[in-house]
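Novice: Below is the structure I would like to discuss, written out as structure tokens.
Numbering (my numbering), first residue to last: 46 to 465.
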């Protein structure tokens, strides 16, 4: 019952017509008492779900493969008989263009026009639709890298809350992993750089605390790179970083930015003679290696993962790869973190919905989420509502070497620290 994105407009119109006819026949509307399933988007044999993803952006950066990952997980759920007998009717993902106004518009469309039960996945650096989805009581799942995934009742991060408010905790995978590569954190310095945006400023705040708690000296921590355009000249940023450690270069440079910015910064750092460790949480994507300039810029970079590396021999990784291959029509497609983001967002939704039982309503779903837990997933052990305040605390690091990714720090779970 999954639908190609290109047919979304026509399908939405047809669904509106069918819904109108059904409502006229029994005097109810979906979501009102007496409607099938007694909940928006739920019928006797289906659950309607949509997504919001930054398919296109001004910089060219795209999370479009998030949609494929979600589709793959829903296809498997349907092949296994659905969720308590109901098939997932996945409408595909709306493109928010990484634009706050479009993100809110996409949320409104999915709820008010398409009448979805849930939004999964939601993957963007902007989440202006969060308050609307929370107000409308729409279970929403995505990568918990934004504050909106931390605290609301109806919004869930597939690996927990990664940017908590005071009283929550911080995932220490990145600082502890880099410390392991460097042979310890004591006496080591790190520079952290981000975009000049709300997300970038929050990232600086959290990672500065995390690296300090791990024993590093944070010699540089600035959200200073424009968030709307990639700089043509990185020399001023590189100069500050290279002199940040008492006039010397830091032992590690950590970028909390997207690929286009990382390529520019890392290329400039290497040309300046920087020999220390470079790391980011973004560039785990074999598709990036098609261009020599990109491959050279990212060579040697350690990428933070908050899931099992694709190079893992874990049986669940084998199943994930088989599901993606099936969703891609039997083709082997290059795997990336966006695919897994979509897949694990869908997986958490499906897992909680199964626990909610045959009588699926928003209320029964939320009740199931309140006591939900499982173990040994591709993101480690999961639990709700813990994940709406804390991360699940697990991750790994991979390094690009000679045109291929290698695991530099194996997947494991770290004790989180209190966020201040």
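Idealized CB from N, CA, C, for every residue including glycine.
On a predicted model such as this, the values are computed, not experimentally measured, just so you know.
Just curious, the alpha helix (DSSP H) that residue 389 is in, first and last residue?
Specialist: 382-401
Novice: As an exercise, report each continuous alpha helix (DSSP H) stretch of at least 4 residues that is fully enclosed by the region 168-251, in chain order.
Specialist: 175-180 and 218-227
Novice: Which residues bound the alpha helix (DSSP H) around residue 13?
Specialist: For residue 13 there is no data in the structure shown, the boundaries of the chain being 46 and 465.
Novice: Measure the alpha-carbon distance for residue 205 versus residue 301 and round it to whole angstroms.
Specialist: 19 Å
Novice: Let me make sure I understand the geometry here. Which of 410, 260 and 420 has the alpha-carbon closest to that of residue 199?
Specialist: Among 410, 260 and 420, the Cα nearest to that of residue 199 belongs to 410.
Novice: With H, G and I counted as helix, E and B as strand and the rest as coil, what does DSSP make of residue 256?
Specialist: Three-state result, residue 256: helix.
Novice: In terms of alpha-carbon separation, which member of 346, 197, 96 and 196 lies closest to residue 169?
Specialist: 96
Novice: With C-beta atoms as the reference, is residue 464 less than 8 Å away from residue 215?
Specialist: In contact: residue 464 and residue 215 (Cβ atoms closer than 8 Å).
Novice: Can you give me the C-alpha to C-alpha distance between residue 408 and residue 416, rounded to a whole angstrom?
Specialist: 13 Å
Novice: Take residue 71 and list the residues in its own chain whose beta-carbon comes closer than 6 Å to its own, dropping the five residues that flank it on each side.
Specialist: Residue placement at residue 71 is flagged as unreliable, the pLDDT there being 35, under the threshold of 50; the coordinate-derived value follows with that caveat. Nothing listed; no residue qualifies.
Novice: Hey, how far is the Cα of residue 194 from the Cα of residue 432?
Specialist: 9 Å
Novice: To test your reading of the DSSP string, which unbroken beta strand (DSSP E) runs of 3 or more residues are found completely within the region 407-452?
Specialist: Whole beta strand (DSSP E) segments, 3+ residues: 418-422, 425-428 and 439-446.
Novice: Assuming residue 161 contacts residue 116 (C-beta within less than 8 Å), just tell me the rounded distance between them.
Specialist: Wrong, their Cβ atoms sit about 15 Å apart, outside the cutoff.
Novice: Run the proximity test for residue 279: is its beta-carbon closer than 7 Å to any non-hydrogen atom belonging to the ligand ZN?
Specialist: Absent from the structure shown: the ligand ZN. Ligands present: none.
Novice: Helix, strand or coil for residue 339? Go by DSSP, reduced to three states.
Specialist: DSSP places residue 339 in helix when its eight states are reduced to three.
Novice: If distances are taken between C-alpha atoms only, which option among 314, 255, 197 and 249 comes closest to residue 281?
Specialist: The residue with the shortest Cα to Cα distance from residue 281 is 314.
Novice: Would you kindly work out how many angstroms separate the C-alpha atoms of residue 298 and residue 323, rounded to a whole number?
Specialist: One alpha carbon belongs to residue 298, the other to residue 323, and they sit about 5 Å apart.
Novice: Do the region 384-392 and the region 98-114 meet, that is, are 3 or more Cβ pairs less than 8 Å apart?
Specialist: yes
Novice: What's the gap between the Cα of residue 269 and the Cα of residue 261?
Specialist: 21 Å
Novice: Would you list the residues sitting across from residue 140 in a DSSP beta bridge?
Specialist: Paired residue(s): 98.
Novice: Using a 10 Å radius around the Cβ and a threshold of 16 neighbouring Cβ atoms, would you call residue 451 buried or exposed?
Specialist: exposed
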